[in-house]
Amino acid sequence: MSRFEHSTQYWPLFVTITPSRFGIEDVEAYIADVNRLYERRERFATLVQTSENTTVPGALERRRLADWQNDSIDSIRRYNVFTATVVRSPVVRGAMTAMHWIFRPPNEQVVVDSFGVALERCMAKLRDAGCAIPEALQRVAANPPASAEGLVHTQSAVPRARVGRGVGRGEAGAASRPSGGVHAWAPAGPATRAAPRRQLAMRILVASLPVSWAPPLSCVAFTLLCAGCAGGLPPVAVAAQRHNDAGTELLAGNHLDDAEARFRLALEYHPHFAEAHLNLGLVLLARGRQGEAGEHLRTAVELDEDYAEAHGNLGVYYLLVGDPARAEHSFVAALSIDPGLREPRLNLAELWVTQERYREARAQLLRLVQVAPEDLLAHAWLAYCDQRLGRLAEALDRADKVLTRDPVQPVAHLVFAQDALGRGDWEATRAHANQAVDHGPTREAALATLAAMALVTHDASGAAELTAELLRHNPSSRVGLFLAAEVHRQAANPD
4 MSRFEHSTQY WPLFVTITPS RFGIEDVEAY IADVNRLYER RERFATLVQT
54 SENTTVPGAL ERRRLADWQN DSIDSIRRYN VFTATVVRSP VVRGAMTAMH
104 WIFRPPNEQV VVDSFGVALE RCMAKLRDAG CAIPEALQRV AANPPASAEG
154 LVHTQSAVPR ARVGRGVGRG EAGAASRPSG GVHAWAPAGP ATRAAPRRQL
204 AMRILVASLP VSWAPPLSCV AFTLLCAGCA GGLPPVAVAA QRHNDAGTEL
254 LAGNHLDDAE ARFRLALEYH PHFAEAHLNL GLVLLARGRQ GEAGEHLRTA
304 VELDEDYAEA HGNLGVYYLL VGDPARAEHS FVAALSIDPG LREPRLNLAE
354 LWVTQERYRE ARAQLLRLVQ VAPEDLLAHA WLAYCDQRLG RLAEALDRAD
404 KVLTRDPVQP VAHLVFAQDA LGRGDWEATR AHANQAVDHG PTREAALATL
454 AAMALVTHDA SGAAELTAEL LRHNPSSRVG LFLAAEVHRQ AANPD
């Protein structure tokens, strides 16, 4: 078998058999055929049967398939209501199921062990979606064959859209549009979910060391702390400047009481001193007084609209109060003024990672590692984005180089943990995930990885414990809530 075999004979069921080996020409032909399905603007379900001796596709084919799925996310959501994949190997099936739990695909997908189960699930989803089921498909479903071979006729092209047939764009969109919009952990990607406030707070990276997590702004490496006064403002009184300079040293040492007193004295001498407003805002953020902090950070921006550090720290404030849209605007504003700032670029990339905007995050991280080639945290997140975009060889190579320099870097360990999970290597999954579980920005994903592994290896008590810990860490976690539902489902139906 040298090509993908597929058939639309039983439309709205699209049946595909993957070949045991395939090259980039086969991938391109298959993509062209499936794209013609989307041109029909009709909703359908996909049933994929994998070959028993399927070999791992090459890097070029994997990347092309990943790029195609990323480019087709809107069409997949709108028209492909369900995908069921038949995989005979229990290890591979478990690994694929675990990855679906952690990284939800753009449509609902399951991995099952038999063609009959896959067909039954597809039929149920087509009925739920209101799709008309032709008599021929009903007959097949009533007496399903053992495999897809009997249903598939090799086709060089999928029939093109027919005028006057199918569901119109408006109707399909109304029926299947994701409720969340665009995951600003989203885009044109998986459905928009406003990133949880607690999770976002942990993703703010302000410490000077790439692997240490500190309470937001306590190390003040983000500003350190702006030695010059903003241009174009009235001259700053000598006393105000002196108190501000002393305050920055106190804040760098985490002496918050004395630092706050110095910055307030600076503002008494000069109420329009933008730098002192910024620094006082940092102290108040560190104290958890977010409302007051926001006022001073906004004032700093109003006093000097070209103050890049003020824009960047205002973005951090917006993350803490759960406003990712304004945070993004502030980070972009900071970089438009000073593209050389590390923290707003890294924070913007991390925000986009949480919104599953991996391509955009990757673009920012690529720029960051060009100007800061020794920034291991940026390299680690870049490896993570490469992994999510199907660039597996590049991701593992970059993560390996990070761990060579820093053997405990948690984001790089997360890359290897999720790679091992996808391969069904449970020992490696556990070892790498445990290296990431105690780091704030990777804790949720590491717990989810361990919980998913426990589920597919039938460790019910371990899965329940890990899922509960994940939800204690972040009660709004999308993947945590999904895994909790799966734990409950498996407990109710142990078979």
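When you read off a place in the sequence shown, starting at 1, and then add 3, the result is the number in this note's numbering.
Backbone N, C-alpha and C fix where the C-beta goes; we use that ideal spot for every residue, glycine too.
Remember, it's a predicted structure, so these values are computed and weren't measured experimentally.
Beta-carbon proximity of residue i to residue j, cut-off 7 Å
{"i": "residue 13", "j": "residue 135", "result": "no"}
{"i": "residue 300", "j": "residue 317", "result": "yes"}
{"i": "residue 98", "j": "residue 465", "result": "no"}
{"i": "residue 1", "j": "residue 269", "result": "Given that the chain is displayed from residue 4 to residue 498, the structure contains no residue 1 and the question cannot be resolved."}
{"i": "residue 347", "j": "residue 354", "result": "no"}
{"i": "residue 115", "j": "residue 100", "result": "no"}
{"i": "residue 281", "j": "residue 266", "result": "no"}
{"i": "residue 406", "j": "residue 415", "result": "yes"}
{"i": "residue 450", "j": "residue 473", "result": "yes"}
{"i": "residue 393", "j": "residue 144", "result": "no"}
{"i": "residue 149", "j": "residue 50", "result": "no"}
Pick from the options that is closest to residue i, judged by C-alpha positions
{"i": "residue 352", "options": "470, 339, 388", "result": "388"}
{"i": "residue 19", "options": "145, 137, 92, 151", "result": "151"}
{"i": "residue 448", "options": "430, 464, 462, 484", "result": "484"}
{"i": "residue 34", "options": "339, 72, 23", "result": "72"}
{"i": "residue 119", "options": "108, 45, 142, 110", "result": "142"}
{"i": "residue 342", "options": "15, 101, 370, 319", "result": "370"}
{"i": "residue 383", "options": "298, 255, 444", "result": "444"}
{"i": "residue 102", "options": "408, 429, 32, 309", "result": "429"}
{"i": "residue 38", "options": "340, 23, 475, 77", "result": "77"}
{"i": "residue 123", "options": "112, 137, 147", "result": "147"}
{"i": "residue 461", "options": "93, 340, 45", "result": "93"}
{"i": "residue 246", "options": "259, 260, 258, 279", "result": "279"}
{"i": "residue 441", "options": "251, 401, 417, 28", "result": "417"}
{"i": "residue 241", "options": "271, 137, 372", "result": "271"}
With 16 other Cβ atoms within 10 Å as the buried cut-off, status of residue i
{"i": "residue 477", "result": "buried"}
{"i": "residue 305", "result": "exposed"}
{"i": "residue 307", "result": "buried"}
{"i": "residue 74", "result": "exposed"}
{"i": "residue 10", "result": "buried"}
{"i": "residue 328", "result": "exposed"}
{"i": "residue 390", "result": "buried"}
{"i": "residue 413", "result": "buried"}
{"i": "residue 193", "result": "At residue 193 the pLDDT is 27, less than 50, meaning the model places this residue with poor confidence; the figure from the coordinates comes in the next sentence. Buried: at least 16 other Cβ atoms inside 10 Å."}
{"i": "residue 43", "result": "buried"}
{"i": "residue 492", "result": "exposed"}
{"i": "residue 273", "result": "buried"}
{"i": "residue 23", "result": "exposed"}
{"i": "residue 8", "result": "buried"}
{"i": "residue 263", "result": "buried"}
{"i": "residue 356", "result": "buried"}
{"i": "residue 367", "result": "buried"}
{"i": "residue 496", "result": "exposed"}
Residue i versus residue j - alpha carbon distance
{"i": "residue 399", "j": "residue 64", "result": "17 Å"}
{"i": "residue 494", "j": "residue 456", "result": "16 Å"}
{"i": "residue 315", "j": "residue 333", "result": "6 Å"}
{"i": "residue 231", "j": "residue 432", "result": "Confidence at residue 231 is low in this model, with a pLDDT of 34, below 50, so the placement of that residue should be treated as unreliable; the coordinate-derived value is given next. If you take the alpha carbons of residue 231 and residue 432, they lie about 48 Å apart."}
{"i": "residue 358", "j": "residue 331", "result": "11 Å"}
{"i": "residue 488", "j": "residue 125", "result": "21 Å"}
{"i": "residue 95", "j": "residue 425", "result": "8 Å"}
{"i": "residue 129", "j": "residue 84", "result": "7 Å"}
{"i": "residue 16", "j": "residue 133", "result": "13 Å"}
{"i": "residue 410", "j": "residue 344", "result": "27 Å"}
{"i": "residue 79", "j": "residue 326", "result": "29 Å"}
{"i": "residue 131", "j": "residue 364", "result": "36 Å"}
{"i": "residue 256", "j": "residue 285", "result": "13 Å"}
{"i": "residue 423", "j": "residue 275", "result": "55 Å"}
{"i": "residue 408", "j": "residue 385", "result": "16 Å"}
{"i": "residue 439", "j": "residue 479", "result": "20 Å"}
{"i": "residue 321", "j": "residue 290", "result": "16 Å"}
{"i": "residue 374", "j": "residue 25", "result": "39 Å"}
{"i": "residue 27", "j": "residue 361", "result": "24 Å"}
{"i": "residue 253", "j": "residue 340", "result": "28 Å"}
{"i": "residue 463", "j": "residue 452", "result": "15 Å"}
{"i": "residue 372", "j": "residue 403", "result": "16 Å"}
{"i": "residue 137", "j": "residue 41", "result": "20 Å"}
Sequence-distant residues of its chain with Cβ nearer than 6 Å to residue i (five each side left out)
{"i": "residue 67", "result": "30"}
{"i": "residue 205", "result": "Its pLDDT being 27, under 50, residue 205 is placed unreliably in this model, and the coordinates cannot settle the point."}
{"i": "residue 336", "result": "314"}
Proximal residues to residue i (C-beta, below 7 Å), its chain only, five neighbours per side dropped
{"i": "residue 53", "result": "21, 88, 89, 90"}
{"i": "residue 117", "result": "89"}
{"i": "residue 310", "result": "233, 277, 303, 304"}
{"i": "residue 470", "result": "454, 483, 486, 487, 490"}
{"i": "residue 110", "result": "79, 80, 83, 84, 85, 86"}
{"i": "residue 468", "result": "none"}
Residues near residue i by beta carbon distance below 8 Å, same chain, minus five either side
{"i": "residue 287", "result": "263, 293, 295, 296, 299"}
{"i": "residue 249", "result": "265"}
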